[in-house]
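Novice: The structure that follows is given in the form of structure tokens.
Numbering (our numbering), first residue to last: 968 to 1149.
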């Protein structure tokens, strides 16, 4: 084993010992509302080691059994407009894990993958130019979840530009968690 490999190996093991991972999703709210679809509107990033698909809507996050995952969602446009209004906000209504073993990715998984924590802590509710405002959904990977790839889809609630109606959309592509054994 070379020293470069040993350093990388140590770093990765340290990251896997992290209690929480963050998956940040930016939403192009204008495009999603216009097309009534999330296709091409989601840009996902995480702080896992070894994941693939950073910046896409099919991110694969590497995690371990028992680890807490925080899904944070924000619109791309977060700045107050010249007229003093704020842009609409996205909210994660649900995260649905899929059963890809059956061959139909639209089937909901029969086994639980996560223990839902929902709001973990207290998100900021007041918008101003100095405070980051976002919604999030949190869950802990079940300690008895088998190692493997678990695809999921978002169910997002999008505020509309005008009025109080909400737009509910499912992600078109499926990001995933790659669960490693402890």
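Backbone N, C-alpha and C define an ideal beta-carbon position, used for all residues, glycine too. The model shown is predicted, which means the values in this text are computed figures rather than measured ones.
Could you please give the first and the last residue of the uninterrupted alpha helix (DSSP H) stretch that includes residue 1105?
Specialist: Residue mapping note: residue 1105 aligns to position 138 of the chain shown, counting from 1. Segment 1102-1108 is the beta strand (DSSP E) holding residue 1105; no alpha helix (DSSP H) there.
Novice: By the 10 Å Cβ neighbour count, where 16 or more other Cβ atoms means buried, how is residue 980 classified, buried or exposed?
Specialist: For the purposes of this step, residue 980 is taken as the residue at position 13 of the chain shown. In this prediction, residue 980 has a pLDDT of 48, which is less than 50 and means its spatial position is unreliable; nothing more can be read from the coordinates.
Novice: May I ask whether a heavy atom of the ligand NAP can be found less than 7 Å away from the beta carbon of residue 1117?
Specialist: The model on display carries no ligand, and the ligand NAP is accordingly not part of it.
Novice: For residue 1140, which three-state DSSP category applies?
Specialist: The count along the chain shown starts at 1 and reaches residue 1140 at position 173. DSSP places residue 1140 in coil when its eight states are reduced to three.
Novice: Bridge partners of residue 1059, per DSSP?
Specialist: Along the chain shown, one-based indexing puts residue 1059 at 92. Paired residue(s): 1123.
Novice: Leaving out five residues on either side along the sequence, give the residues of the same chain with a beta carbon under 6 Å from the beta carbon of residue 1140.
Specialist: For the purposes of this step, residue 1140 is identified with residue 173 of the chain shown, where counting begins at 1. Excluding sequence neighbours, residue 1140 sits near 1024, 1025.
Novice: Using the Cβ count rule (16 or more neighbours within 10 Å means buried), how would you classify residue 1017?
Specialist: Here residue 1017 refers to the residue found at position 50 of the chain shown. The residue is exposed, with fewer than 16 neighbouring Cβ atoms inside 10 Å.
Novice: Using CA atoms only, rank isn't needed, just tell me which of 1105, 1101, 997 is closest to residue 1062.
Specialist: Working through the chain shown from its first residue, we reach residue 1062 at position 95. Here the closest residue by C-alpha is 1105.
Novice: Note down the Cα distance separating residue 974 from residue 1019, rounded to an integer number of angstroms.
Specialist: Here the question's residue 974 lines up with position 7 in the chain shown. Here the question's residue 1019 lines up with position 52 in the chain shown. Bear in mind that the predicted position of residue 974 carries a pLDDT of just 33, short of 50, making it unreliable; the figure below should be weighed with that in mind. Each residue's Cα considered, the two are about 21 Å apart.
Novice: Shortest alpha-carbon distance to residue 1143 belongs to which of 1118, 1132, 1124, 1129?
Specialist: For the purposes of this step, residue 1143 is identified with residue 176 of the chain shown, where counting begins at 1. For residue 1143, the nearest C-alpha among the options comes from 1118.
Novice: Do the CB positions of residue 1165 and residue 1058 come within less than 8 Å of each other?
Specialist: Because residue 1165 is not part of the residues shown, which for the chain are 968 to 1149, the question remains open.
Novice: Label residue 1027 either buried or exposed according to how many other C-beta atoms from any shown protein chain fall within 10 Å of its C-beta, with 16 as the threshold for buried.
Specialist: As a working mapping, residue 1027 is identified with position 60 in the chain shown. Residue 1027 is buried by the Cβ-count criterion.
Novice: Considering only C-alpha positions, which residue in the set 1113, 1123, 1127 is nearest to residue 1102?
Specialist: As a working note, residue 1102 is residue 135 in the chain shown. It is 1123.
Novice: Output the distance between the C-alpha atoms of residue 1134 and residue 1084, rounded to the nearest integer angstrom.
Specialist: Reading the chain shown from its first residue, position 167 is the one you call residue 1134. Reading the chain shown from its first residue, position 117 is the one you call residue 1084. About 24 Å.
Novice: Starting from residue 1042, follow its DSSP beta bridges and name the residues at the other end.
Specialist: Numbered from its first residue, the chain shown carries residue 1042 at position 75. Answer by DSSP bridge pairing, in chain order: 994.
Novice: Could you tell me the distance, in whole angstroms, from the CA atom of residue 1009 to the CA atom of residue 987?
Specialist: By one-based count along the chain shown, residue 1009 stands at place 42. By one-based count along the chain shown, residue 987 stands at place 20. Approximately 22 Å between the Cα atoms of the pair.
Novice: By the 10 Å Cβ neighbour count, where 16 or more other Cβ atoms means buried, how is residue 1034 classified, buried or exposed?
Specialist: On the chain shown, position 67 is the one that residue 1034 refers to. By the 10 Å Cβ count, residue 1034 comes out buried.
Novice: Can you give the Cα-Cα distance for residue 1000 and residue 1131, rounded to whole angstroms?
Specialist: Within the chain shown, numbered from 1, the residue matching residue 1000 stands at position 33. Within the chain shown, numbered from 1, the residue matching residue 1131 stands at position 164. Spanning the two alpha carbons is a distance of roughly 14 Å.
Novice: Tell me the DSSP bridge mates of residue 1118?
Specialist: Here residue 1118 refers to the residue found at position 151 of the chain shown. Residue 1118 is bridged to 1143.
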